[in-house]
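Taking it in order: structure first as structure tokens, then the write-up.
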Amino acid sequence: MNAGATTLGLLAGGRATRLGGADKAWLEKGGEPQVLRLAKRVRGEVDAVLVSANRDLERYAAHGMAAVSDRRPDLGPLGGLDALAWACATPWLLTLPVDLVSVNDCLLRSLQAAGGDGAWAEDDDGRQPLVALWRTAALRAALPAALDSGDLSARALQTRLDMVGVRFAGLRFGNLNTPADLAAAGLDAG
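The sequence shown maps to residues 2 to 191 in the numbering used here.
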């Protein structure tokens, strides 16, 4: 396998409590669900696509997407990272939360250039710890201690892995957490 082979891991396992439980993965922009839009946006740069999801797995399968559920429930994004890391068959895992408004053309290349065990993105809104490139073996090795420690922040995990930030000046990935965010991004809640 190519040493630079990368899997896109879309984090779609959240509860979306601020959106009344709406499944962010299936929110639509221009008639296209978020999860499909983000996968299509990056698909030409990655070798495989996985989705971390905790509901409606058959819906992903109907669109030809492999979905994995949290191996340990109620751990938030680290539970999704854990599921993706153990399902990932490539040396690298690029994670994107499904509630991003957009990503730029050079995201993966810029994160790859950072080297080491990976990197996270920093846009004009600040650090985006889940917009990150992880060395799969290092992530798998670090996750058990992180999960057992009770510190379930992606930032703490990235510190354990000595990951670095990559600045994307003049760019905002955006985030879809509230009805106002959806309206501003032109997404339909259903």
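C-beta atoms are modelled at their ideal positions from N, C-alpha and C, and glycine is treated no differently.
Query, Result
"Bridge partners - residue 102, DSSP secondary structure assignment", "Paired residues: none, contrary to the question."
"Identity of the residue in 63, 29, 99 nearest residue 226 by Cα", "This structure leaves residue 226 out entirely; the chain is present only between 2 and 191."
"Closest Cα partner of residue 130 within the set 110, 162, 149", "162"
"Residue 92 in three-state terms, based on DSSP", "coil"
"N- and C-terminal bounds of the beta strand (DSSP E) containing residue 44", "First-last for residue 44: undefined, no H or E at that position."
"Three-pair Cβ contact test at 8 Å for the segment 73–92 versus the segment 126–142", "yes"
"Residue span of the beta strand (DSSP E) that contains residue 109, given as start and end", "Segment 108–114 is the alpha helix (DSSP H) holding residue 109; no beta strand (DSSP E) there."
"For residue 193, the nearest candidate out of 164, 149, 102, 96 (CA to CA)", "Residue 193 cannot be examined here, being either before or after the span of the chain that is shown, 2 to 191."
"Sequence-distant residues of the same chain with beta carbon closer than 8 Å to residue 71, five excluded per side", "14, 53, 55, 80, 81, 83, 84"
"Backbone CA spacing between residue 118 and residue 101 [nearest angstrom]", "23 Å"
"Whole-Å CB distance - residue 111 paired with residue 174, under 8 Å assumed", "Contact flag wrong, Cβ pair sits at about 13 Å."
"Close Cβ partners of residue 159 (< 8 Å) along its chain, the five nearest in sequence each way excluded", "119, 121, 130, 133"
"Which residues DSSP lists as bridging residue 135, in chain order", "94, 119"
"Same chain only: Cβ atoms within 6 Å of residue 43, ignoring 5 sequence neighbours per side", "9"
"Short Cβ contact (8 Å threshold) for residue 125 with residue 172", "yes"
"Endpoints, beta strand (DSSP E) assigned at residue 156", "Residue 156 -> not in any beta strand (DSSP E); alpha helix (DSSP H) instead, spanning 155–161."
"Of the residues 109, 146, 144, the one placed nearest residue 167, counting alpha carbons only", "109"
"N- and C-terminal bounds of the beta strand (DSSP E) containing residue 67", "67–69"
"Local Cβ density within 10 Å of residue 34, reported as buried at 16 or more and exposed below that", "buried"
"Beta-carbon separation (whole angstroms), residue 74 vs residue 6, contact threshold 8 Å", "In fact, because the Cβ distance is near 30 Å, the residues do not count as touching under 8 Å."
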